[in-house]
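Below is one structure, written out as structure tokens; the observations come after it.
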């Protein structure tokens, strides 16, 4: 190849790179423009976007890695919970319409403090939290760091004790400076869109894909800025797996734990059982015929757990230990199916949900 040919090839590659970046930027703007606009709150150099509805006990909803507040609107949880709670669904930092300040490691603890500060600025003194996937890690940190404010939590398909996985390492690559920036603005968005159907099948298995969620999230998740946040959180999950130091036994507020029995991303059932054993007063629901997106496939299971945790929170009171407040469970048959009504509808033993 001659010098002129090499130069022309480089110019062609540069033009293609710029063209891809401009195209992806256009799609990103369109994706944001199509979203329902909620409210914004500014604190600590970060702009947080959230949706709000209903009245009553405040309930904060935190989505997982790669999603946004619409995860809870498309599942129906947001609107159904608003019938009895004041519901606030946040775009976590770097997702949806929320900004993510560069140069800061947005760990679960850092996000927990930010959401707590947002609640305080909104005049909310005591609230419940629901977190899905990576959002569950934030919810657990909120319970540990702010027990006087957090009345109770529900963690759904959470990475409580993340094992080292090759998929995490691959997902973290776009967080690498320079080369990661180029990838996020050029080829990676197209790869995400091309593999979207496969990704949806994996996270929803064994349930059917929820079309409203899949359609709404596709363009949002492929935005360069959101890909940066996704890869950064994947890196943090990998770091947690390689250097585990999480302990949850000191959490004293009411805790509800939900996992899909068919989760293919990781062994969510085993992690849920381990967390349930560590937090002895927690409630556990292993949901049949559901995977990582159990809140989309079986929203009624999440809504039921929210009500159970809320009932325990009202008994325990602010900052109180709940071990004595949790009703003692009756023995269950070997199949794991309920054998009768527990006091207040609560249980301290692991069980499987009835088929809905």
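Numbering (my numbering), first residue to last: 16 to 371.
All C-beta atoms, glycine included, are put in the ideal place defined by N, C-alpha and C.
On a predicted model such as this, the values are computed, not experimentally measured, just so you know.
Item                                                                                                                                                    : Value
Can you round the beta-carbon distance between residue 109 and residue 243 to whole angstroms, since I take them to be within the 8 Å contact cut?      : 7 Å
Any chance you could list the alpha helix (DSSP H) runs of at least 4 consecutive residues sitting entirely within the segment 235-313, in chain order? : 239-257, 283-293 and 309-312
Are the Cβ atoms of residue 200 and residue 263 separated by less than 9 Å?                                                                             : no
Can you tell me the Cα-Cα spacing of residue 69 and residue 141, whole angstroms?                                                                       : 16 Å
Assuming residue 164 contacts residue 79 (C-beta within less than 8 Å), just tell me the rounded distance between them.                                 : Their Cβ separation, rounded to whole angstroms, is 22 Å, which puts residue 164 and residue 79 out of contact at 8 Å.
Just verifying my parser: in three-state terms, what is the DSSP assignment at residue 342?                                                             : Because residue 342 carries a pLDDT of 43, less than 50, the predicted location of this residue cannot be relied on, and the following value inherits that uncertainty. Three-state result, residue 342: coil.
Candidates 205, 241 and 215: which alpha carbon is nearest residue 311's?                                                                               : 215
Just curious, the beta strand (DSSP E) that residue 73 is in, first and last residue?                                                                   : 72-77
Closest to residue 307 by C-alpha separation, out of 327, 298, 286 and 291, would be which residue?                                                     : 286
I'd like to confirm the pairing. Which residues does DSSP put opposite residue 61 in its beta bridges?                                                  : 58
For the beta strand (DSSP E) containing residue 146, list its first residue and its last residue.                                                       : 142-147
Are residue 88 and residue 104 closer than 9 Å when you measure CB to CB?                                                                               : yes
Grab the span of the alpha helix (DSSP H) containing residue 219 for me, first residue to last.                                                         : 211-219
Under 9 Å between C-beta atoms, does residue 128 make it to chain C?                                                                                    : You won't find chain C in this structure, because it holds only one protein chain.
Quickly, what does DSSP pair residue 106 with across the bridge? List them, please.                                                                     : 64
Give me the Cβ distance between residue 64 and residue 113, rounded to the nearest whole Å; I'm assuming they're in contact under 8 Å.                  : 5 Å
Does DSSP put residue 16 in a helix, a strand or coil?                                                                                                  : coil
Nearest by alpha-carbon distance to residue 321: which of 119, 193, 171 and 282 is it?                                                                  : 171
Just verifying my parser: in three-state terms, what is the DSSP assignment at residue 150?                                                             : helix
By Cβ distance below 6 Å, which residues in the same chain neighbour residue 115 in space, the five residues on each side in sequence not counted?      : 108, 109 and 244
Checking 9 Å against the spacing of the C-beta atoms, do residue 158 and residue 270 come in under that value?                                          : yes
Quick one: is residue 213 buried, meaning 16 or more other Cβ sit within 10 Å of its Cβ, or exposed?                                                    : exposed
Can you tell which of 240, 153 and 76 has the C-alpha that lies nearest to the C-alpha of residue 127?                                                  : 153
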